[in-house]
Structures are given as C-alpha cells and as structure tokens.
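Asks: Using UniProt numbering, the letters of the sequence shown map in sequence onto residues 1 to 381. For each residue, glycine too, the CB sits at the ideal point set by N, CA and C. Source: prediction; values computed, not measured. The following block contains the structure, expressed as structure tokens.
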Amino acid sequence: MDLRRIPEQWRRVDVTIRDLPLGLMFAATSFLPLLRGHETQLGDLPGRPLDAFGLGVLALECLPLAVRRRRPGVCLALVSLGFVLASLGRYHLVASTALAIALLSSGAHLERYRKTAMVLLSIAYGGLAIGLVRLGSAEGVGGFATFYLLLAACWGAGAWLRATRAAEAEKRRRVAETTRAAERTHIARELHDVVAHHVTAMVVQAEAARYLTGAPDRLDQALQAVGDTGRRATTDLRHLLDLLDPEHGADPKTPAVGRLLTLVEQTRLAGQPVAFTEEGTPASDTGSADLVAYRVVQEALTNAVKHARSSPTAVRVHHRAGDITVEVSTEGATASNLAGSGRGLAGLRERVDLLGGDFDAGPRAGGGFTVRARIPAGNPS
C-alpha cells in the first residue's frame, strides 16, 4: 500500500466522516485524568460527577462537530444547547471547548441567516448568564463579558476565514476571466491574420479571373493561384487549430521569415506590384521575432491589396544580430484607406510591444502609407 496516497484518499471521503474524529477526540479528552482541573466552564459553580445525563450532554457537545461544515447551523445549535445544559447542570467538561470550534466553523461556513444566528446566540448567552447567577454564580459581569468576547472572537476568526476564501475565489475568477479574454484575443488575432490575408488574395484573384475568359492560359494561371491560396489558408488554419489542441505540444512551428518571399509572390499574383528586399543574416535564435515579422508583412500587404489595389508596394526586411527591422510602404494611397479597420494594426502593435520592440504605422511624406517595426530577436513567444 502506497502511504503517500493516504492523504489523497482521505480527502475523497465524505466530509461528515472526516469531521467526526474531531468530535470523538473532544469526547475522549473529557476522560483524561491529565486534563482534570482544566475543563471549560462558565459561572464558577461547584461541579458534579458525570452521570448518565452528563454523558448525554457530553455527546450533544461533541458529536454534532461531524456536521460542522455540512450543516454549520445545526452543529452550532446543538453544541450550544449542550454547552447550556453542561453549564446549568454543573458538568465541568473539557468537551465544552467544542463550542469554540462550532462558532469558528459556523463563522466560516454558515451561508444564510448569519446575523440572525449572532443575535439569537447573544440572547441565549444572556439568558444563560442570568440562569447561572440565579444558581449562585460568582462569575461577575466582567467574567461573563470576557467569556462573551472570547466566543465572539471565535466567530470573528471564522468570518475572517470566510472572507479570505471569498476574496481568493474572486481573485481566481478574475484571473480566469482575464486569461480567457487574452486567449480569445489571441485566437481572434491569429484568425484575422490568416483568414483576412488569404481570403483577400482569393477574392482579388477570382475577380481578375472573370476578365480572362478569352485567355485560357492566363485564366488557368489565375485559377491555379486561387487554389494555391486556398490550400495555404487551409494549411495555416489547420496549424492554428493544432496549436489550440492541448495534446499538440509546445513547439509552435511558426512561419519563418524565409516564407516572406512566398507571401510576396502570392500578393503579386493578386495583381499588387511588390518590390521585396531582404538584407543581413538572420540570427541563429530569433525566438518569436520570425512570426511577428511575418505577420507585420502579411497584414501590411493585406491592407495594400484591399485598400490600395495596384499601388506600388515595397517590402524591406533587415536582419541584425539583435533584431529584425521590417518596413512596408505603399504609394499613392490615403492613410485612412491603408489603416483599414485598425484591428490588424492594433494587434501588430501588441505583438511587437510584447517582445519589447517598436511599431509605427502612418502616412509618409509625399503620400502613401508606411508600416515599420523593429522586433528584438531571441525572445520567447
């Protein structure tokens, strides 16, 4: 038998069974000679031997602790009744300490009628104090008040535990909501990057094919470009869905900057004149910079095709030891057109900022629109 699994198996047991040993322990301590003279009592009345009725009172004080978490109100009521009978019956029992445990548990676990329970307990305590005084108690107002404050402290400790647990649960809920929102944003951004670019290229290519019915060779080339673009879109979407699969693994297999030339060629097939320049040698470990650079070029070319079709566009990529610099410029278009809806550019800015880079998108002198990004290499995704 694996002893290390015992705590886990014990936690699976019903909470009532797990709490019962605590009540039995309090009952057992009342018979220990070592604890005689250390009993919990109120009223300073002379004690009496434990008889059959006293055993019933003992059980009433201890056994309800088994339901202190499942039925905290019932537990507190029964234990309090047992404490009252023990005090008025002059049974001095160590088990009377169970009242403090019942108050602590009720303060922590009682869901409803908390204020009502506090009021009723206070009234019952006042009645008990009056009854003890009539029996000849010499406790005095100070003694009764001190005991009441101790009981109130037990309830307060339970209430503090309850508030702490509630605050922690709320914190976990907010963290979970924030995480889910971030995941949804990330998924939406990836879908935007993949779908918007490929679908835009396919739409432009399909529209161009309508005018090539008299040129079968060019029509076949245009339709082939549509098919190739669709297959690339399917591949990218399958890759994205794989990343969302928890069994996929940690290797993202992101598109490398080397695929930028393919991206440029695809945009050219859509009728957009694109000049591509790549300088420098990529770093041995670019981290997520490759993917972010790819997405910057992809989004900029998508906006160029959608909002400035046939306008000359230049893509410049410069590799250095510590970063990748990307610049995409489109001539003869207004800034409002090239900015598109702004969602894609905002997503790019977040990506670049996350890696500690610089991002800028706006009109350039002499007309047109330019997207620039400096992306530090070597940072993980």
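Please state the DSSP three-state secondary structure of Val274.
Replies: Strand, per DSSP.
Asks: Going by DSSP, name the residue or residues bridged to Pro363.
Replies: The partner list for Pro363 (beta bridge, DSSP) reads Phe369.
Asks: Sorted by chain position, which residues of the same chain lie with C-beta nearer than 7 Å to Leu63's C-beta, five sequence neighbours on each side aside?
Replies: Contacts found: Gly23.
Asks: Measure the alpha-carbon distance for Arg90 versus Glu61 and round it to whole angstroms.
Replies: Those two C-alpha atoms are separated by around 14 Å.
Asks: Helix, strand or coil: how does DSSP classify Ala304 here?
Replies: Residue state, collapsed to three classes: helix.
Asks: What is the rounded straight-line gap between the Cα of Ala314 and the Cα of Val274?
Replies: Computed Cα separation, rounded: 6 Å.
Asks: Put residue 416 into one of helix, strand or coil per three-state DSSP.
Replies: For the chain, the structure presents residues 1 to 381; residue 416 sits outside this window and is missing.
Asks: For Arg316 and Ala181, I'd like the C-alpha separation in whole angstroms.
Replies: Taking the straight line joining both Cα atoms gives about 34 Å.
Asks: With distances taken from CA atoms, which of Leu191, Val57, Ser106, Thr116 is nearest Leu151?
Replies: The shortest Cα separation from Leu151 among Leu191, Val57, Ser106, Thr116 belongs to Ser106.
Asks: Which of the three DSSP states, helix, strand or coil, is assigned to Thr146?
Replies: Residue state, collapsed to three classes: helix.
Asks: Is the distance from the Cβ of Val74 to the Cβ of Val67 below 7 Å?
Replies: In contact: Val74 and Val67 (Cβ atoms closer than 7 Å).
Asks: Please work out which residues of its chain come closer than 8 Å, Cβ to Cβ, to Asp323, disregarding the five sequence neighbours upstream and downstream, and give them in chain order.
Replies: Contacts found: Ala289, Gly357, Arg374, Ile375, Pro376, Ala377.
Asks: Out of Met25, Glu299, Gly37, which has the shortest C-alpha to C-alpha gap to Val328?
Replies: Comparing Cα positions, the closest option is Glu299.
Asks: Mind checking whether Ala225 and Leu261 have CB atoms under 7 Å apart?
Replies: Not in contact: Ala225 and Leu261 (Cβ atoms no closer than 7 Å).
Asks: Could you check where the alpha helix (DSSP H) with Ser329 kicks off and where it finishes?
Replies: No alpha helix (DSSP H) holds Ser329; the beta strand (DSSP E) holding it covers 323-330.
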